[in-house]
Every structure is written in structure tokens, then in C-alpha cells.
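Heads up, the thing below is written out as C-alpha cells.
In the UniProt record's numbering, the protein residues as written are 1 to 495.
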């Protein structure tokens, strides 16, 4: 599309016969997809033995899922706009089933990586589900439904750790993936039976070259970021991957601007309300991921250090779980805030609470319950902020680009989480203590390293507040222009 000023008419709201059931089905799918991102963390240290490979190679079991998820979000959004959102939701759920079964049957690295990549591709479910909710629920439920669906990105990750740790304790590690497959099948039934099929397809040519270019650029850039703490920020590999990714993305962007039907309409994405919301999403994504990395490590360090809290993996996960649930519980609060004071101010409030939680964490490192309380505050901020961002993006985007617009916003959050992961890893490995001697020596982060991580999380959140404060009011999209007519001719015809 050459210019975002030529848009389609808004898609009429087509309420589902049972809207609450449809919301539950979509949110369950979002949770299932998000759970797949963190489900292998309890067994990550055991993966070299379980898969008969090296630690460096098995690290890709986590990384490949994050990469596939980042790439698939804008692509799934575009396909949803072209083919219809429910079809893409069904396809995403089938990918999650297939990926889970492949992982459940895997006993070596190669099939595990294939399965984990398929699970990552299912992450396209979340932005497409958010866009669909605006079409199928009554207006009075739209805000809270979008807020709840958006929160599943954080909730799934937060509850995934204790759930996976418990499953591993009571059964074989393959059970993790069989459970994931069973949950995905239930979600598939819910999507088919409870979510109405809305005729929202806008047939168009799929930009295959654009998809390949975006995937290549993102993978190069994100691999450089995600491996920076292991390779070193100044290493040739890190700088080479990041630079190559940026070059590919710049070339991709220039090509997209010359494409009649691009994968991502960069002119729409460049609108200030959308652009600034996506920049704020990167900052808030950093804030969410920082605590997900730092707090569990601090909880599990031995008490003999003086700042470790001596919790088991399962106990650490359980301490984190209330924060994840708070993201979901605050979805209706966020909805009421958006209805009364607007999505922009709601985003600012969420980012402010997020930053305040990190400040609290600096002073509440003395016990597990205190740190968990700070994590709850952080999670509340994430939940409020995550809920507001899709509304800001959807309000500023044409209806026929809703899926793509939310997909790009989800990609921005993913960029933030990947950047946070790289920064936290670097900080935690740059200031360490060595426990023990000889072959049994263990290297752990210092207390100061954890404090620096909390400061970075607070700074990222405050940056999100500052960016959100500059978001201008969205202007309503103009009506569609029938094919073959200029806007002036269309007005004359209707007159």
C-alpha cells in the first residue's frame, strides 16, 4: 500500500454469541503460547546430558524459540489481515501442537531444536488474538478483553517456571511437552468451537521477499544481542551479527517502501502514535524481562553469601507466580483506567509502577517474601502497561492492518526482552564471586551486580514513561477510496 491515508472502512463489530467463552478461549491460547517460552528453564542445566550435546549448543533450545517468536509475530499479523484472523489462530495452535509433540519425542538436539522452533512460531497467536478481540466482543468488554489477552505475554512466562519445575519433579522431562501438546489441543477445540469466524480477510499478495528479508535481519540482530553476554559485547561475532542485522533491516525497509503490498506498511508504522508506542514497548519489555531473569537467580543463591535467599527452583518459581497472576487480575483495572483517562496516561502509569517496583526491589532484597512483594509491584506495572499498548496501536491503525500493527508492537516488546536478557547477562557475569575451589568451584554474581540490574530495570521503565508522554492523540483514519477512484472523485461520486 503506497500510503496509509488510503484505508479500508472499519471492520464492523460482530459480537460472538458467547463473548466471555470466546475471550477465555483466546486468552487460554495466549497463555499456552507464552508458556512455551519458559517451559524448558527448569531443565536447562540438564539439557547437555539429556540431549548428549554441549552447553553452548543446548543454549539454542531457548534462543531458537525466542527468535522464531520474534520473526513470526509481524508475519502472522500480515497473514491474518489477508486470510482472516481465525484461520491464522488455528494454524498457530496447530504449530504449537506439532512442536510440542516433536519435543516430547526428542532425545537429541536436532529434533529438539525443530520442535522448539515450531513452538516459537506459535507466538503469532497472541497479536492476532488481540486484534480479533476488538471485532468479536461487545464494546463494553473490548477494553478488558484486550487487556487480559495482552497480559498473557507476561503471565505465561511467570507461571511457566513453577509449573514446569513441578512437572519435572513428579515425572520424566518429556512430560513437559506432552502436557503442552494436550493444552494446545484443548485450545484448538476452543478456537474452533467458541471463537466466531469473522469475514475480515482482505485478499492481497503476500510479500515473500519482505518476509525473508525481515526474518534474516531480525535473526542476525537478535542472535548478536542474545549471545552478547557469552561472546562479549566487543567481540567480532557480536558486532558482526548486530551490524549485519541492522544493514539487512535498513535494506529491507527501503525495499518495503517501494513495494505496493508490503509485509509491514512502514508509513503506517511511522505514524507518531504507533512509532512512539512501539518505542515505549521496547522499554517496558526490558522492564518485564529484567525481573524474570534477576529475581529467580537471587532467590536461589545460597544464604551463606549473605544476600542469597536459599530457595529451590520450585520454591523460587512459586514466589514468582503471584506476580504473573497479578498481571491478569489487573487487566480490568487497566481497562477502567483507559476508559476514564485514556490509554496514553494508562501506559505512563503502568511504566511508573514498573519503575517503582524496581526501586522497591533495591531495598527489599533481605528475604524471599519481600523480594516477591517487589516482583508483584513490577508485574502490576507490566500488566497495566502491556494492556494499554495494543489499544494505542489499534486506535492509530487502519482496521485492515490491525493484525500486522499489533504484530509489530509485539515484536517491539520482544526486542525489549531480548535486549534486557543480554544486558542482565552481561552485568551478572561481569561482577562475580567464586565459591569453593578446584573442580567444584562455582561462580556467582555479586550483590552489587543484582543491584545494578534493578537500577537498569528502573531506568528502562522511566524511559518508557518519558516516551509515552510524547505520544500524540490519534486521528481517525479516513474512509476507504473505491478502487480506481482518487479521493476527490470518490467524494463527487457519493454526492
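Each residue gets a CB set at the ideal place from its N, CA and C atoms; glycine is no exception.
Q: Run the CB neighbour count on residue 44, radius 10 Å, all protein chains shown included, and call it buried at 16 or more, exposed below.
A: Residue mapping note: residue 44 aligns to position 44 of the chain shown, counting from 1. With fewer than 16 Cβ atoms within 10 Å of its Cβ, residue 44 is classed as exposed.
*asked:* Spatial neighbours of residue 205 within its chain, please: C-beta separation below 7 Å, excluding the five flanking residues on both sides.
replied: If you number the chain shown from 1, residue 205 lands on position 205. 261.
Backbone secondary structure at residue 20 - three-state DSSP
In the chain shown, the residue the question calls residue 20 occupies position 20. DSSP places residue 20 in the helix class (H, G or I) of the three-state scheme.
I'd like to know if residue 56 contacts chain E, where contact means its C-beta is closer than 9 Å to some C-beta of that chain. Included in the structure is just one protein chain, with no chain E present.
If you draw a straight line from the C-alpha of residue 129 to the C-alpha of residue 314, how long is it? Counting from one through the chain shown, the residue named residue 129 turns up at place 129. Counting from one through the chain shown, the residue named residue 314 turns up at place 314. In a straight line, the C-alpha of residue 129 is about 31 Å away from that of residue 314.
Could you give the DSSP three-state label for residue 10: helix, strand or coil? The residue given as residue 10 occupies position 10 in the chain shown. Caution applies to residue 10, whose pLDDT of 46 falls short of 50 and renders its modelled position unreliable; the value that the coordinates give is listed next. In the three-state reduction of the DSSP assignment, residue 10 falls in the coil class, being assigned neither a helical nor a strand state.
key: For residue 274 and residue 406, believed in contact at Cβ under 8 Å, the rounded distance   = Locating residue 406 in the chain shown gives position 406, where the first residue counts as 1. Locating residue 274 in the chain shown gives position 274, where the first residue counts as 1. The pair is not a contact, with the Cβ atoms about 10 Å apart (cut-off 8 Å).
Discussion item. Comparing C-alpha positions only, which one of 173, 180, 89 sits nearest to residue 47?
Written reply: Here the question's residue 47 lines up with position 47 in the chain shown. Comparing Cα positions, the closest option is 173.
(message) Check this for me: beta carbons of residue 79 and residue 98, under 9 Å apart or not?
(response) On the chain shown, residue 79 is found 79 positions in, with the first residue counted as 1. On the chain shown, residue 98 is found 98 positions in, with the first residue counted as 1. Contact: no.
| query | What residue from 57, 114, 190, 135 has the CA that sits closest to residue 27's CA? | reply | Residue 27 sits at position 27 when you count from the first residue of the chain shown. Nearest option by C-alpha distance: 190.
Query raised in the report: Is the number of C-beta pairs between the region 321-334 and the region 372-385 that are closer than 8 Å three or more?
Result: Touching, yes.
- Message: From the DSSP secondary-structure annotation, give me the bridge partner or partners of residue 445.
- Response: Sequence index remark: in the chain shown, residue 445 carries index 445 (1-based). Under DSSP, residue 445 takes part in a beta bridge, and its partners are 432.
Could you give the first and the last residue of the continuous alpha helix (DSSP H) run that contains residue 72? The count along the chain shown starts at 1 and reaches residue 72 at position 72. Following the DSSP letters along the chain, one finds residue 72 inside the alpha helix (DSSP H) bounded by residues 60-83.
Problem set entry | residue 109: first and last residue of the uninterrupted alpha helix (DSSP H) it sits in | On the chain shown, residue 109 is found 109 positions in, with the first residue counted as 1. Note, residue 109: alpha helix (DSSP H), 109-121.
(message) Suppose the cutoff is 7 Å on Cβ atoms and the five residues either side in sequence are ignored; what does the same chain contact list for residue 338 look like?
(response) Here residue 338 corresponds to residue number 338 of the chain shown, with the count starting at 1. For residue 338, where only same-chain residues beyond five positions count, the Cβ hits under 7 Å are 143, 346, 388, 391.
Q: Could you round the C-beta distance between residue 424 and residue 290 to whole angstroms and report it? I think they count as a contact, below 8 Å.
A: The count along the chain shown starts at 1 and reaches residue 424 at position 424. The count along the chain shown starts at 1 and reaches residue 290 at position 290. Indeed, because the Cβ distance is near 6 Å, the residues count as touching under 8 Å.
>> Could you compute how far the alpha carbon of residue 210 sits from the alpha carbon of residue 319?
In response: Here residue 210 is taken as the residue at index 210 of the chain shown, counted from 1. Here residue 319 is taken as the residue at index 319 of the chain shown, counted from 1. So the two alpha carbons sit approximately 43 Å from each other.
Report task. Quick one: residues in its chain with C-beta nearer than 7 Å to the C-beta of residue 410, no 5 flanking neighbours on either side, listed in chain order? Result -> In the chain shown, counting from the first residue as 1, residue 410 sits at position 410. Exclusion of the five residues before and after residue 410 leaves 73, 126, 127 as the residues of its chain whose Cβ lies within less than 7 Å of its Cβ.
Q: Return yes when the Cβ of residue 428 is within less than 9 Å of the Cβ of residue 449, no when it is not.
A: By 1-based counting over the chain shown, the position of residue 449 is 449. By 1-based counting over the chain shown, the position of residue 428 is 428. Yes, these two residues count as a Cβ contact at 9 Å.
Query raised in the report: Using the beta-carbon count (16 or more within 10 Å), is residue 366 buried or exposed?
Result: Here residue 366 corresponds to residue number 366 of the chain shown, with the count starting at 1. So residue 366 counts as exposed.
Practice prompt. Specify whether the region 219-227 and the region 24-43 touch according to this definition: at least 3 beta carbon pairs, one from each stretch, less than 8 Å apart.
Written response: With a cut-off of 8 Å, the region 24-43 and the region 219-227 do not count as touching, because too few Cβ pairs lie within range.
*Classify residue 42 as buried or exposed, calling it buried when 16 or more other Cβ atoms lie within 10 Å of its own Cβ.*
Residue mapping note: residue 42 aligns to position 42 of the chain shown, counting from 1. Flag for residue 42 reads buried.
Between the CA atoms of residue 302 and residue 176 - distance to the nearest angstrom = Residue numbering aside, residue 176 sits at position 176 when the chain shown is read from its first letter. Residue numbering aside, residue 302 sits at position 302 when the chain shown is read from its first letter. About 27 Å.
field: Distance, residue 342 Cα to residue 380 Cα
entry: Here the question's residue 380 lines up with position 380 in the chain shown. Here the question's residue 342 lines up with position 342 in the chain shown. Whole-angstrom Cα-Cα distance: 18 Å.
Would you give the residue range spanned by the alpha helix (DSSP H) that residue 259 belongs to? Position 259 of the chain shown, counted from the start, is the residue given in the question as residue 259. Unbroken run through residue 259: none, as it is neither H nor E.
Among 344, 234, 321, which one has its Cα closest to the Cα of residue 277?
In the chain shown, counting from the first residue as 1, residue 277 sits at position 277. Of 344, 234, 321, the residue nearest in Cα terms is 344.
Under a three-way DSSP split, which group does residue 162 fall into?
In the chain shown, residue 162 corresponds to position 162, counting from 1. Looking at residue 162 - three-state DSSP - the assignment turns out to be helix.
Worksheet entry | residue 311 - DSSP class collapsed to helix/strand/coil | The count along the chain shown starts at 1 and reaches residue 311 at position 311. Here residue 311 carries a coil assignment [DSSP, helix/strand/coil].
Check each candidate in 83, 437, 188, 54 and name the one with the smallest Cα separation from residue 96.
In the chain shown, counting from the first residue as 1, residue 96 sits at position 96. Relative to residue 96, the option among 83, 437, 188, 54 whose CA is nearest is 188.
For this session: May I ask you to check if the CB of residue 22 is nearer than 8 Å to at least one heavy atom of the ligand NAD?
Result: Within the structure as shown, the ligand NAD is missing, as the structure has no ligands at all.
Review point. Does the Cβ of residue 395 have 16 or more other Cβ atoms within 10 Å, making it buried, or fewer, making it exposed?
Key: Within the chain shown, numbered from 1, the residue matching residue 395 stands at position 395. Counting the other CB atoms within 10 Å of its CB gives residue 395 a total of 16 or more, which places it among the buried residues.
Collapsed DSSP secondary structure at residue 54 in the structure displayed:
Indexing the chain shown from 1 puts residue 54 at position 54. Secondary structure at residue 54: coil, using DSSP grouped into helix, strand and coil.
Original post:
In chain order, what residues of the same chain have a beta carbon less than 8 Å from the beta carbon of residue 497, not counting five sequence neighbours either side?
Top reply: This structure gives no information on residue 497, because the portion of the chain shown stretches from 1 to 495.
**Study point:** Residues of its chain near residue 165, where Cβ-Cβ distance is below 6 Å and the 5 sequence neighbours each way are ignored
**Key:** As a first step, residue 165 is located in the chain shown; it is residue number 165 there, counting from the start. Residues of the same chain with a CB within less than 6 Å of the CB of residue 165, apart from the 5 flanking positions on each side, are 42, 313, 314, 317 in chain order.
Alpha helix (DSSP H) containing residue 344: first to last residue?
On the chain shown, position 344 is the one that residue 344 refers to. Segment 343-363, the alpha helix (DSSP H) holding residue 344.
| field | Rounded straight-line distance, which links the Cα of residue 106 to that of residue 481 | value | Indexing the chain shown from 1 puts residue 481 at position 481. Indexing the chain shown from 1 puts residue 106 at position 106. Here the model assigns residue 481 a pLDDT of 43, short of 50, so the residue's position is not dependable, and the following value carries that caveat. Spanning the two alpha carbons is a distance of roughly 53 Å.
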